[in-house]
Ligand code: S3P
């Protein structure tokens, strides 16, 4: 049963500090790459600060199904032993809502000789395109059958060849699938992308000793990989800037707010939102910069900003803020003028068709928004004052974005299927409640 959440405007303001929970992308990679390193070194690997989101738990469950032993050490810490793992599972592997799980693991499993499995997923994942990984992996010699390039995917692992693949899209999932396959292929595998997408796979592989190189030439941003020996090290996961984004926008738009968000990953391939905050003239500070397992982190302080300027996002910045576009659409809804989001057609291939869903959702709040094939144009307004029932389409980022807008809606907001926030951020409401001051 889908649960709705009824909420009304925050009569007070947001104040205080929170520690942002672990990054979803890095958590997936810590489990997958952690299992590879444990298998190759024959030793256990320790993972600290792992996400409790349902997506990452799906990856964890799949690893258990192929023989990885997991020992929980404390709340978010576990030890992973994959010495005898990578055995074909005896049931279908359920990726739930998680595109990262199916795309990254397809790359890895395709390269393991004799391994076979079937990936399934929920109604949203079943609709998402898989040709983007099937095509390059097949060029490497992978044996993948699918339902017209959609789930279920059937993988028969085998020895792969290395390739140089020029990707038409900047996608970290595509890049990572190829790199994980390339780790076990003969020779050097190279992926080139038009803009730099998130590079957590590259950073983690390098941190653990893999032979990985990156650079930029006239064809684009390239990464190369070959068979490697690993160095066993603990992996600690930085906080998720995509989760922090909801609190950052909330602090910026709720009058009199001031919030300190601690332990946020600020890898430059993820910080497009900070560039937008500068354009929008939002009052924020980056404090206490440091490194965690090769990833940059910092604390971010955001204050209420009265005159939010409209902004334009397009081109190279898109992959650096792709998951923040729903909440940036909320920011645009209260900016003083016209914001334009373009070059973002891949939003239609996310957990929902996020362009269509955002247009429909913001219209329910009586926001002036125009749909484009590759984005939208929003004319912000100074007051939100509409009784709204809004569909989340069971898309976690839409649910949390509309919640942020509801904080300044003078009338009641009903968020249908709000529980889907558990996909990435089960702690969302609790952290929000901690900051509310009346
Ligand atoms: C992710 C990459 C992005 C992002 C997704 C997570 C990852 O997808 O939207 O939420 O962890 O690699 P694409 O690779 O499809 O752009």
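In my numbering, the protein residues as written are 1 to 438. Ideal Cβ positions, reconstructed from N, Cα and C, are used throughout, including at glycine.
Handout entry: Among 379, 415 and 404, nearest to residue 389 - alpha-carbon criterion
Key = 415
Exercise for the section: Determine the closest residue to residue 160 out of 111, 339, 323 and 270, with distance taken between C-alpha atoms. Expected result: 111
Problem - residue 28 Cβ short of 7 Å to the ligand S3P heavy atom set - result: yes
Exercise for the section: Answer yes or no: the CB of residue 99 versus the heavy atoms of the ligand S3P, is any distance below 7 Å? Expected result: yes
Handout entry: 8 Å contact criterion, which residue 374 and residue 345 should meet: CB distance rounded
Key = 4 Å
Practice task
Determine the burial state of residue 84: buried for a count of at least 16 other Cβ atoms within 10 Å of its Cβ, exposed for fewer.
Solution key: exposed
Handout entry: Buried/exposed call for residue 167, threshold 16 Cβ in 10 Å
Key = buried
Practice task
Starting from the N-terminal side, write out each stretch of the beta strand (DSSP E) that is 3 residues or longer and does not extend beyond the region 147 to 182.
Solution key: Listed in chain order, the complete beta strand (DSSP E) runs (minimum 3 residues) inside the region 147 to 182 are 150 to 156 and 164 to 166.
Handout entry: Coil, strand or helix - residue 434 by DSSP
Key = helix
Problem - Residues of its chain near residue 350, where Cβ-Cβ distance is below 6 Å and the 5 sequence neighbours each way are ignored - result: none
Exercise for the section: Determine, using beta carbons only, whether residue 5 and residue 407 come nearer to each other than 8 Å. Expected result: Cβ distance not < 8 Å, so residue 5 and residue 407 don't count as in contact.
Handout entry: Bounding residues of the alpha helix (DSSP H) (the contiguous stretch that carries residue 249)
Key = 241 to 253
Problem - Where residue 20 falls: helix, strand or coil (DSSP) - result: Here residue 20 sits in coil by DSSP.
Practice task
Could you tell me whether any non-hydrogen atom of the ligand S3P is closer than 7 Å to the CB of residue 355?
Solution key: no
Exercise for the section: Check whether the Cβ of residue 346 lies closer than 7 Å to any heavy atom of the ligand S3P, and answer yes or no. Expected result: Flag set: Cβ of residue 346 near the ligand S3P.
Problem - Beta-carbon spacing of residue 251, residue 258 below 8 Å - result: yes
Handout entry: Spatial neighbours of residue 249 in its chain, beta-carbon cut-off 7 Å, leaving aside the 5 residues before and after
Key = Annotation for residue 249: 327, 330, 331 and 404 place their beta carbon closer than 7 Å to its own, counting only its chain and skipping 5 residues before and after.
Exercise for the section: Could you tell me whether any non-hydrogen atom of the ligand S3P is closer than 7 Å to the CB of residue 197? Expected result: yes
Handout entry: Nearest candidate by alpha-carbon position, reference residue 46, set 232, 188 and 106
Key = 232
Handout entry: residue 336: CB within 7 Å of a non-hydrogen atom of the ligand S3P
Key = Not under cutoff, so the answer is no.
Handout entry: residue 339 to residue 386 span [Cα, whole Å]
Key = 22 Å
Handout entry: heavy atom of the ligand S3P below 7 Å from residue 25 C-beta
Key = Indeed, a heavy atom of the ligand S3P lies less than 7 Å from the Cβ.
Exercise for the section: Check residue 215 in the structure and name its three-state DSSP category. Expected result: Residue state, collapsed to three classes: strand.
Practice task
Report yes if the C-beta of residue 323 is less than 7 Å from at least one heavy atom of the ligand S3P; otherwise report no.
Solution key: Yes; taking the cut-off as 7 Å, the Cβ of residue 323 has a heavy atom of the ligand S3P nearer than that.
Practice task
Find the nearest neighbour of residue 144 within the set 26, 108 and 220, judged by alpha-carbon distance.
Solution key: 108
Handout entry: As assigned by DSSP and simplified to three states, the class of residue 344
Key = coil
Practice task
Confirm, please, whether the CB-CB distance from residue 210 to residue 225 is below 8 Å.
Solution key: Taking the C-beta atoms as reference points, residue 210 is found nearer than 8 Å to residue 225.
Problem - Given residue 73 as reference, the closest of 295, 194, 49 and 180 once Cα atoms are compared - result: Out of 295, 194, 49 and 180, 49 has the C-alpha closest to the C-alpha of residue 73.
Problem - Check whether residue 80 and residue 38 have beta carbons under 8 Å apart - result: Yes, these two residues count as a Cβ contact at 8 Å.
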